[in-house]
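Engineer: Can you keep this structure in mind? I'll have questions shortly.
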Amino acid sequence: MTRGGLDGRGGDEVARLLFDLVPDGLWVFDDEAVTTWANDRMAQILGRTPEEMIGLSVFDTLDQQGREDFTRALLRMVRTGEPQDDIDSYFVRPDGTTVWGLISFR
Numbered sequence: 002m003t004r005g006g007l008d009g010r011g012g013d014e015v016a017r018l019l020f021d022l023v024p025d026g027l028w029v030f031d032d033e034a035v036t037t038w039a040n041d042r043m044a045q046i047l048g049r050t051p052e053e054m055i056g057l058s059v060f061d062t063l064d065q066q067g068r069e070d071f072t073r074a075l076l077r078m079v080r081t082g083e084p085q086d087d088i089d090s091y092f093v094r095p096d097g098t099t100v101w102g103l104i105s106f107r
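Okay, structure coming up:
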């Protein structure tokens, strides 16, 4: 490994390559629930392209109960700065189908 990462790649690029190999959906959003990054698997789970994920509000992907649970957990996390318990929810894809998922606040 070189100073710049594997084979001279920057650390961010290496992390993205590794995260795209993970079989789970990984999703990063800011404290306003706007997507800043998602791996290919997460986009696939939600029926979107990786490009469509950037800037997408998490709220636009959840069913009503999921939006309520997510709001409570996100507000607690922002207020306390502490990780929150996982919540399970149904995500609604653009075609209207749903998929169950687990959201971890870390």
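Taking this note's numbering, the leading residue of the sequence shown gets 2, the next gets one more, and so forth.
We put the beta carbon where it would ideally sit given N, CA and C, even for glycine.
1. Note the first and the last residue of the continuous alpha helix (DSSP H) segment covering V79.
2. Have a look at L63 and D21 and give me their C-alpha separation to the nearest angstrom.
3. Under a three-way DSSP split, which group does L19 fall into?
4. Applying the 10 Å Cβ sphere with the 16-neighbour rule, what's the burial state of T36?
5. Would you check if the distance between the CB atom of G26 and the CB atom of P95 is smaller than 8 Å?
6. In the DSSP assignment, the beta strand (DSSP E) including A34 goes from what residue to what residue?
7. According to the Cβ coordinates, are N40 and V23 closer than 8 Å?
8. Can you tell me which of the three DSSP states D25 falls into?
9. Does DSSP put T99 in a helix, a strand or coil?
Structural biologist: Taking the structure as given:
1. Taken as a continuous stretch (DSSP letters only), the alpha helix (DSSP H) holding V79 covers Q65 to T81.
2. Taking the straight line from one Cα to the other gives about 23 Å.
3. Helix.
4. Burial state of T36 is buried, judged by a 10 Å Cβ sphere holding 16 or more other Cβ atoms.
5. The Cβ-Cβ distance between G26 and P95 does not fall below 8 Å.
6. Where A34 is concerned, there is no enclosing beta strand (DSSP E), because DSSP gives it neither an H nor an E.
7. Yes, the pair counts as a contact, with Cβ atoms nearer than the cut-off.
8. Coil at D25, not helix or strand.
9. Three-state DSSP puts T99 in a strand.
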